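Take a look at the structure set out below.
Numbering (this note's numbering), first residue to last: 2 to 107.
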């Protein structure tokens, strides 16, 4: 089965385009890693003071995901996190959620 790694982000109102641009302009190196299947950035509902987004990555296994978190590609991808000028479009820290697949239909 597979492992799905997600981070939830609360984005300041009016800063959605800035947040999406950060993701679109990043140098993704996920395809270099064993077990990487798919990445999606999901735009969710509006809350009272934020818009919810989620990054959603599918891996072949939890071990493949954990190898990613210890890789040079991971360090490079997160090297400049939080170092952008001005107020961040993100409210607080992302919330990580990891899920192991127990049933899959395609």
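Virtual Cβ for every residue (Gly too), placed ideally from N, Cα, C.
Remember, it's a predicted structure, so these values are computed and weren't measured experimentally.
First and last residue of the uninterrupted alpha helix (DSSP H) at residue 49: Taking the first residue of the chain shown as position 1, residue 49 is located at position 48. Careful: residue 49 lies outside any alpha helix (DSSP H) and carries neither H nor E.
Touch test, the segment 69-77 against the segment 89-101, Cβ-Cβ under 8 Å, three pairs minimum: The segment 69-77 is not in contact with the segment 89-101.
Residue 74 beta carbon less than 8 Å from that of residue 16: For the purposes of this step, residue 16 is taken as residue 15 along the chain shown, with counting starting at 1. For the purposes of this step, residue 74 is taken as residue 73 along the chain shown, with counting starting at 1. Against a cut-off of 8 Å, the Cβ pair of residue 74 and residue 16 comes out as no contact.
Rounded separation between residue 36 and residue 6 - CA only: Here the question's residue 36 lines up with position 35 in the chain shown. Here the question's residue 6 lines up with position 5 in the chain shown. Cα to Cα, the separation comes out at about 13 Å.
Exposed unless 16 or more other CB atoms sit within 10 angstroms - verdict on residue 60: Residue mapping note: residue 60 aligns to position 59 of the chain shown, counting from 1. Buried, by the Cβ-count rule.
Residue range of the alpha helix (DSSP H) that includes residue 6: For the purposes of this step, residue 6 is taken as the residue at position 5 of the chain shown. That residue, residue 6, is in no alpha helix (DSSP H); its beta strand (DSSP E) goes 4-12.
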